Structures are given as C-alpha cells and as structure tokens.
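Colleague:
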Amino acid sequence: MKKILDTLFHPAKTKWFWAYIVFGILGIFIGIVLMPVWTNVEWAPWKTWGYDILNIIIFVCIVLYLCLFLIKKILTRTNGVIKVLTILEFVLLALVALGCILQQFKVITIANGACAIVGLALWCRGAVEIFRAYYHQRGNNDRYPVWWLAVSIAFVTLGVYLIVAHPIPDVYILWTFVILILLVSIILIVDGILAKPASRKTKKSKSK
Numbered sequence: 023m024k025k026i027l028d029t030l031f032h033p034a035k036t037k038w039f040w041a042y043i044v045f046g047i048l049g050i051f052i053g054i055v056l057m058p059v060w061t062n063v064e065w066a067p068w069k070t071w072g073y074d075i076l077n078i079i080i081f082v083c084i085v086l087y088l089c090l091f092l093i094k095k096i097l098t099r100t101n102g103v104i105k106v107l108t109i110l111e112f113v114l115l116a117l118v119a120l121g122c123i124l125q126q127f128k129v130i131t132i133a134n135g136a137c138a139i140v141g142l143a144l145w146c147r148g149a150v151e152i153f154r155a156y157y158h159q160r161g162n163n164d165r166y167p168v169w170w171l172a173v174s175i176a177f178v179t180l181g182v183y184l185i186v187a188h189p190i191p192d193v194y195i196l197w198t199f200v201i202l203i204l205l206v207s208i209i210l211i212v213d214g215i216l217a218k219p220a221s222r223k224t225k226k227s228k229s230k
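In case it helps, the working numbering puts the sequence shown at residues 23 to 230.
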C-alpha cells in the first residue's frame with residue numbers, strides 16, 4: 023500500500039505519462055456520470071447508474087482491502103489466536119463481497135445496504151485489534167499503543183451503530199465514492215504532467 027501511494031504522489035518519468043492523463047480524464051467522466059444529481063433528470067439514461075453499481079463499487083473496495091491489507095497481515099502473523107481471527111475476518115469480508123455481487127443480480131438482499139457493509143468492516147477490524155491488544159500485553163513487555171486501542175474501540179462502536187441504526191443513506195456513501203474517484207482522477211492527471219520526460223531538445227540544450 024505504501025509503494026502504491028508513493029508511486030501515486032511521486033511518479034517516475036516515463037514515456038507512458040499519457041496513460042495517467044487518459045485514466046484521469048476517464049475517471050473524471052465516470053465520477054460525473056455516477057453523481058446522484060442525475061436522479062431526477064429525465065433525459066439522462068445514466069441517472070440511476072450510481073445506485074445501480076454501488077454494490078460493485080463496495081465489492082471492489084473490499085477486494086482491494088483484502089488483497090492490499092489483510093493478506094499481508096495474515097502472511098506476517100505468527101500462528102496464534104490473532105492470525106486465526108484475521109483469517110476469519112478475511113473469510114467474512116470475502117463472503118460479504120460475494121454477497122454484493124449476488125445482490126447486484128437480485129439473488130440475495132443485504133439488510134441496510136452499503137451502510138451495514140461499512141459497519142461490518144469497521145467492526146471486524148476493531149474487534150481483531152482489541153484481541154491483538156489483549157494478547158500483545160500478555161506476551162510483551164512493551165505496551166500496546168493506547169491511541170490505537172481507542173481507535174479500535176471506536177471502530178467496534180461505530181460499526182455496531184452503522185449496522186443497527188443505518189444512519190447514513192446510500193446517497194451519502196455514493197457521494198463519498200464519487201468524490202474519491204474525482205480526487206484520484208485529478209491526482210492521476212497531475213501525475214501524468216509530472217511524469218512527462220524532458221524532450222530531447224531540452225536534454226541537448228542542458229548538455230551544452
């Protein structure tokens with residue numbers, strides 16, 4: 023994940039710089055199309071696309087979380103309770119991701135929609151970290167960071183609240199994804215400009 027962020031914010035010079043710009047422009051177009059503002063626009067055939075593919079967006083986010091974060095946690099953990107709990111978290115979220123796809127095709131229905139899924143992900147991460155804090159204190163002389171324990175407890179509390187109360191409508195979650203898509207797209211365009219290698223004429227003039 024660190025390497026991806028470093029590449030995203032510090033692109034190397036490459037002849038493929040134009041790909042950053044193309045994907046950035048494409049991302050901006052997709053973000054605009056998925057905006058909830060089109061819901062009441064009769065002439066727009068894409069007015070419900072954002073809500074229609076919200077489950078797919080959540081599926082992609084969960085898969086990225088599993089592949090870029092949880093797998094690394096599982097591989098680096100020594101055998102023990104925390105590793106087992108992390109594997110259980112992985113399996114549970116993988117099933118939720120599968121449920122998002124099945125719900126997209128009207129096979130099943132996930133209660134409370136996207137809000138419940140986000141709440142479940144937060145609850146799982148918080149619960150695993152609380153157990154890790156407990157076993158860390160038992161097996162190590164160094165203290166588990168109190169601030170991270172507080173964050174973990176907040177994750178569990180907020181997760182339960184999101185699952186039970188469903189306080190955040192899908193429209194706000196969709197807006198969050200749209201804004202993230204637009205931000206990443208803008209960063210890609212800027213990266214494309216920064217990644218453009220110097221022209222041969224410029225190199226020759228510098229060498230002189």
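Ideal placement from N, C-alpha and C gives every residue a C-beta, glycine not left out.
Keep in mind the model is a prediction, meaning the values are calculated, not measured.
Roughly how many whole angstroms lie between the Cα atoms of I79 and F199?
Modeller: 8 Å
Colleague: Alpha helix (DSSP H) containing A116: first to last residue?
Modeller: V103 to Q126
Colleague: Using 8 Å as the threshold, is the C-beta distance between I203 and I52 below it?
Modeller: yes
Colleague: By a C-beta neighbour count over all protein chains shown, 10 Å radius and 16 as the cutoff for buried, is T108 buried or exposed?
Modeller: buried
Colleague: For the stretch 173-184 and the stretch 54-69, state whether three or more C-beta atom pairs, one from each stretch, are separated by less than 8 Å.
Modeller: no
Colleague: Taking DSSP as the reference, what is the three-state secondary structure of N246?
Modeller: There is no way to answer for residue 246, as the model of the chain reaches only from 23 to 230.
Colleague: Once the 5 residues before and after M57 are set aside, which same chain residues still bring their CB inside 7 Å of it?
Modeller: Answer for M57: G72 and V200, listed in chain order.
Colleague: Quick check on F91: buried or exposed, where buried means 16 or more other Cβ atoms within 10 Å of its Cβ?
Modeller: exposed
Colleague: Look at the alpha carbon of G46 and the alpha carbon of G102, and state the distance between them as a whole number of angstroms.
Modeller: 43 Å
Colleague: How many angstroms separate the CA atom of I75 from the CA atom of P33?
Modeller: 30 Å
Colleague: Classify V59: buried if its beta carbon has 16 or more other beta carbons within 10 angstroms, exposed otherwise.
Modeller: exposed
Colleague: Leaving out five residues on either side along the sequence, give the residues of the same chain with a beta carbon under 8 Å from the beta carbon of A41.
Modeller: G214
Colleague: Using three-state DSSP, classify W169 as helix, strand or coil.
Modeller: Three-state result, W169: helix.
Colleague: Which residue comes first and which comes last in the alpha helix (DSSP H) that contains A217?
Modeller: Element bounds for A217: n/a, residue is neither H nor E.
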